[in-house]
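Counting from 29, one number per residue, gives the positions in the sequence shown under this note's numbering.
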Amino acid sequence: MPEITRDEVAHLADLARIDLSDAELDHLAPQLQVILESVASIQGLAGDDVPATSHPLPMTNVFREDVVTPSLTPEQALSGAPAVEEQRFSVPRILGDEQ
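See below:
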């Protein structure tokens, strides 16, 4: 398995919008490498005859009937909002165009 580089850790941190110092990048790179190696070793355990699962025990979902009930009008729902735009909540932009 190729080793994860400090630059790759910095890129991942940038994508996650996490500011890391040089010391943190140097500290995290080997730790992420250990995690990747652990995942790779687990992937090698299951053979082709073992089906992929999301949970170790069989699960079933319980659904209720979809029943229409009275609810708030858009005006009522937005009445307490600090800012409204085109019958929607208006919130400050948190993601820029840098990505």
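The beta-carbon is built from N, C-alpha and C at its ideal position, and this holds for glycine as well. None of these values were measured; they are calculated from a predicted model.
- With fewer than 16 other Cβ atoms from the protein chains shown falling within 10 Å of its own Cβ, Val78 counts as exposed.
- Leu48 is a Cβ neighbour of Val37, given a cutoff of 9 Å.
- With a contact defined as Cβ atoms closer than 8 Å, Ala57 and Arg34 qualify at about 5 Å.
- For the pair Pro110 and Leu100, the Cα-to-Cα distance works out to about 18 Å.
- Measuring C-alpha to C-alpha distances from His55 to each of Arg45, Ile32 and Ala68 identifies Ile32 as the nearest.
- With a minimum length of 4 residues, there is no unbroken run of alpha helix (DSSP H) contained wholly in the region 64-88.
- For secondary structure counted as the alpha helix (DSSP H) over 4 or more consecutive residues, the region 95-119 holds these complete runs in sequence order: 102-106.
- In this structure, the alpha-carbon of Leu123 lies about 19 Å from that of Val112.
- Listed in chain order, the non-local C-beta contacts of Ser66 below 8 Å within the same chain number zero, local neighbours out to five positions each way being set aside.
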